[in-house]
Each structure stands twice: as structure tokens, then as C-alpha cells.
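Trainee: Structure below; questions to follow.
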Amino acid sequence: MSKKRSIFEEVDVPSGQAAPSVAGMIDRASTQARGWVAAWLGLVFFAIAANVLLGVLNRKAAMGPDQVFWLPVVLWAGGFVLFAVAKRLPTGWMGRLLGSGVLIGALALSGEWSSVFAEGSHFVEIESYHVVLQRALAYGAMGVLLWQIMQLRRSEVDLMTARRGRHRRLWILSLILLIVTFLHILRGAVLGGLYEADLYTSWPLIEGQILPTGLFTQDPFWRNPFENPLLAQFSFRVSGLILLLFALYIWVRSRKNASRSTRMAYSVMALMALVEFGLGVAMVMTSAWWHGALSYQVGTILLWVLILRARFLTGYPMAQSVRD
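What the sequence shown shows, in my numbering, is residues 962 to 1285, in sequence order.
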């Protein structure tokens, strides 16, 4: 009769057998790769933001709206190739990163505006068209990059879990706020491309009128939103006021959100909206001097970042304890 073996008996492992793997090594490597990719995208983001601010200074120095956005392209392409060769791109992120690269490439090509249209073309002579195109692509690229950075800073499992706690109504409202902000940015771009618009320095009225006359004097009619200095100034003020009021409304609605971090994000966003509104008033009343225009553009970038962050935390709230 064979002897029964104890269930706690030690068993020798043959020398040729592989040692057991250490748990968590794959997850740790994936987390490190996501962190490095997020840092790389952050560098590209700051390069685009710096180019936007440089464009403001170029306009104040009467150097025209032409900007060179090739540095962000070089940073993006170099980082993408490096991570791809090293096989450090997170799983499923190849297409997303290529999408942001296409947007950054379009931003760089927008600097060749004058070569697209013939010399002396109406679209070349009126700078507002060029400024609007570059500003739209720049803020669009910064928005995509920031969203990807926030996603990469959290694991896919964490994002899938957090998505279940999404506040749907606040999620929709934050999207509307994002669109309103983007449209206001474009109205500011038109204002930045029309030097004559800086002549209207009275506040809150324009030439003593609530609704000034001469808002639609350009012919054909469709040129007015891009070429009429009075309409550019008026629409910039109105869209800025709408943005402020809607930001405060969403902040009030966010107070009912269960997530403490989400509530804080909307509070900071609303405070920045108030500051940005004040910077806009100061810029108008000082005829958009370079320091006022630059401060306002810095505030616009910060507000854009804070709105995107608040929206991200609405869709993917942070985990918190029951006591919070």
C-alpha cells in the first residue's frame, strides 16, 4: 500500500523548468509606455500653444498672420517613429495617434495660405480668413491632443469602469459648452485678422449703441462675418457674454454631481471663464495692445484646457471613497 502524501509537502522543481513569472510586469510596462506617450503628446501640445501666442505677437508687430507650425510636426513625427520602432505604442492607439498627426500636418500646411491662392486674391488680402483657419486647426489639434493625454494617464480598465458613472445630462451640456467656446474662439480669430476692429474701444456699448448700425454693409452678404470690422467686434462681445453665462449655468448644474473632482473641475472652469471675460473687456478697451491681446490668448488656451478637463471628468469620473 502506497504512503499517502501530505498536501503541504514540498515538491522540488526540476532544474530545467522555467521560473514562475512575476505578476504585474505586463501591466507595469504598459503603464510606463502610456506615461511616456502622454509626455510626448504634451510636448507637441505646448509647441502648438507657443505658435498660437507667437502669431498674436506677429500680428501686433504688423508682420501678418503667417505662422510656421513645422515644429509641432517634427516633434510629432519624431516621437511617433521612435515609439513605433521601439514597439511602445499602447495597444489600439495607432489609429488615434495617426489621426492627431493628420490634424497637425494640416495645421502646418495652413501656413502656406498665400501659395494656395493666387497672389492678389481676395482671400489673401483679407487676413481674417487665414487667421480663422489656423486658429480652428490649432485649437482643434490641442483639443484632440489633450483628450488623448488625459486618456493615456489612466488605464483602459479604469476608463471602462469610470464610464459607467457618466452623468449624461452634464455630458451633453459640456459638449454644448465646448462648441460655444470654439465658436467664440473663431470670432476672436476674425477680430484678430481685422485691424480696423480695434478702433471700437467703448464698453459695453459700441459707439453709444446696443445694436450698432452698419453690421451688414458688405456685399455680398456672406462676407460680413469675416470682413466687417463692426460685426466682428459686436459678435465677439455677444459670443463672449453667451460663453460666460452658459459656463456659469453649467457650473450651477454641476454642483449636484456626485463626484467631488468633477465638481471642483467645473468650479475652476467657471472661475477661469470670469477671468477670461475680464481679459476680453480689457483687450477691447485698450485697442488690443500686444500685452492685452497676449494675455487674452493665454487665458483662452487655459479656458479651453479647463473645459476639456471638466468634460473628461464628467465622462470618466474619478473613483472616490464613500465618505467623499
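Cβ coordinates follow ideal geometry from the N, Cα and C atoms, glycine included.
1) For Gln1095, which three-state DSSP category applies?
2) Under DSSP, the alpha helix (DSSP H) around Asp1119 begins and ends at which residues?
3) Under three-state DSSP, which class holds Ile1262?
4) Classify Trp1251 as buried or exposed, calling it buried when 16 or more other Cβ atoms lie within 10 Å of its own Cβ.
5) One question on the structure: do Ala1208 and Ile1140 come within less than 9 Å of each other, judged by their Cβ atoms?
6) Measuring alpha carbon to alpha carbon, tell me which residue in Tyr1210, Val1242 and Gly1241 is nearest Ser1228.
7) Identify the residues that DSSP records as bridge partners of Gln1170: which are they?
8) Near Met1279, what residues of its chain come up, given a Cβ to Cβ distance below 6 Å and the 5 sequence neighbours on each side ignored?
9) Using only the alpha-carbon positions, how far apart do Ala1231 and Val1046 sit?
10) From this set, Ala1099, Gln1095, Lys1021 and Trp1001, which residue's C-alpha is nearest Leu1058's C-alpha?
11) Measuring alpha carbon to alpha carbon, tell me which residue in Gln1112, Val1199 and Ile1171 is nearest Ala999.
12) Quick check on DSSP: helix, strand or coil for Phe1177?
13) So, for Phe1143: in the same chain, excluding its five sequence neighbours on each side, which residues have a beta-carbon less than 7 Å away from its beta-carbon?
14) Curious, which full-length alpha helix (DSSP H) runs of at least 4 residues does the stretch 1201-1248 contain?
15) Pull up the distance between the alpha-carbon of Leu1327 and that of Ala1097, whole angstroms please.
16) Within 10 angstroms of its Cβ, does Phe1182 collect 16 or more other Cβ (buried), or is it exposed?
17) So is Ala1022 buried or exposed if we call it buried at 16+ other beta carbons inside 10 Å?
Mentor: To lay it out plainly:
1) Working through the sequence shown from its first residue, we reach residue 1095 at position 134. Helix.
2) As a first step, residue 1119 is located in the sequence shown; it is residue number 158 there, counting from the start. Taken as a continuous stretch (DSSP letters only), the alpha helix (DSSP H) holding Asp1119 covers Glu1117 to Arg1124.
3) In the sequence shown, residue 1262 corresponds to position 301, counting from 1. Correct three-state label for Ile1262: helix.
4) Taking the sequence shown and counting its residues from 1, one reaches residue 1251 at position 290. Exposed.
5) Residue mapping note: residue 1208 aligns to position 247 of the sequence shown, counting from 1. Residue mapping note: residue 1140 aligns to position 179 of the sequence shown, counting from 1. No. Outside cutoff.
6) The residue labelled residue 1228 in the question sits at position 267 within the sequence shown. For the residues Tyr1210, Val1242 and Gly1241, the minimum Cα distance to Ser1228 belongs to Tyr1210.
7) Here residue 1170 is taken as the residue at index 209 of the sequence shown, counted from 1. Bridge partners of Gln1170 according to DSSP: Ile1167.
8) By one-based count along the sequence shown, residue 1279 stands at place 318. Hits under 6 Å: Ser1222.
9) Locating residue 1231 in the sequence shown gives position 270, counting from the first residue. Locating residue 1046 in the sequence shown gives position 85, counting from the first residue. One C-alpha to the other measures close to 43 Å.
10) On the sequence shown, residue 1058 is found 97 positions in, with the first residue counted as 1. Looking at the Cα atoms, Trp1001 is the closest of the given residues.
11) Residue mapping note: residue 999 aligns to position 38 of the sequence shown, counting from 1. Gln1112 is the residue among Gln1112, Val1199 and Ile1171 whose C-alpha sits nearest the C-alpha of Ala999.
12) Numbered from 1 along the sequence shown, position 216 holds the residue referred to as residue 1177. Secondary structure of Phe1177 (DSSP, three-state): coil.
13) The residue given as residue 1143 occupies position 182 in the sequence shown. Same-chain partners within the cutoff: Tyr1100.
14) You should have 1221-1246.
15) No information on residue 1327 is available, as it lies outside the stretch 962 to 1285 that the chain covers here.
16) Start at 1 with the first residue of the sequence shown, and residue 1182 comes out as number 221. Taking all protein chains shown into account, Phe1182 has fewer than 16 neighbouring C-beta atoms within 10 Å of its C-beta and is therefore exposed.
17) Looking up residue 1022 in the sequence shown gives position 61. With fewer than 16 Cβ atoms within 10 Å of its Cβ, Ala1022 is classed as exposed.
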